[in-house]
Amino acid sequence: MLMYLSILDTQDEKEKFTEVYEQYQHFCWYVANQMLGDDHLAEDAVQETFLALTRHLDKIEVVESSKTRKFLMTIVKSKAIDILRKQKGDLSVEELEYDIPAGQPDALSQYITRENYNAIVACVLELEENYRVIFEYKYVHGLSDREIGDLLGISSKTVNVRYFRARKKLQNMLTKEVAGSAGR
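When you line the sequence shown up against full-length UniProt numbering, it's residues 1 to 184, in that order.
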């Protein structure tokens, strides 16, 4: 923890970071371990999560809040995915636990079935980082454009544009996937 604290400038930042760390370190480890299935890799993901948090500590207003919990969950999942990508050239999406809610009120809900789930997750993971993060915040965590914008430090309009582009890219990828499956 001293390494993280040495990065921070003010005493208030150090106290806030310490509080967040003590409150959420076990939660972050649990999330990472569920995705990675390895204690040591989970520790790596948690370390990367808290290192990233030192750069985004200003985004946390209240330490004990669902917003903070969701924010940390998103970071740790992203770091775990990065570790999986480094470990395996071909990422096995069955290993990832994504809570994509059923019954979405749009066309994507038609695709969310057991047999298509892995294809969807694989396509989401192939999206560029700035699109993938917004897609995950919206679908996995159910955040609004404004909440996502606040977390990422961008406007809600930018969130909306990136989300639209992510959906379009995802639709194209899924269309190719379905066409490829039909030809087999």
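Don't be surprised by glycine CBs; every beta carbon is placed ideally from N, CA and C.
- For residue 41, the three-state secondary structure derived from DSSP is helix.
- Between residue 130 and residue 167, the CB-CB gap reaches or exceeds 8 Å.
- Per the C-alpha coordinates, the member of 56, 41, 37 positioned closest to residue 17 is 56.
- Here the stretch 34-44 makes no contact with the stretch 118-137; the two share fewer than three CB pairs at distances below 8 Å.
- Contact between the stretch 171-178 and the stretch 149-162 is absent: fewer than three C-beta pairs spanning the two stretches fall below 8 Å.
- Between residue 44 and the set 87, 64, 71, the nearest pair of CA atoms involves 87.
- Shown here, residue 127 sits in coil according to DSSP, grouped into three states, outside any helix or strand.
- Close CB contacts of residue 69 within its chain, under the 8 Å cut and outside five residues either way in sequence, are with 24, 27 (chain order).
- Annotated as distal: residue 51 and residue 20, with beta-carbon spacing of 8 Å or more.
- Across the structure, residue 125 and residue 71 are spaced so that their CA atoms are roughly 18 Å apart.
- If you ignore the 5 residues before and after residue 63, its C-beta comes within less than 8 Å of the C-beta of 16, 19, 20, 23, all in its own chain and listed in chain order.
- Going by C-alpha positions, residue 137 is about 28 Å away from residue 12.
- Per the C-alpha coordinates, the member of 146, 82, 135 positioned closest to residue 67 is 146.
- DSSP places residue 83 in the helix class (H, G or I) of the three-state scheme.
- If you draw a 10 Å sphere on the C-beta of residue 153, you find fewer than 16 other C-beta atoms in it, and that means exposed.
- In the DSSP annotation of this structure, residue 154 is not part of any alpha helix (DSSP H), being labelled neither H nor E.
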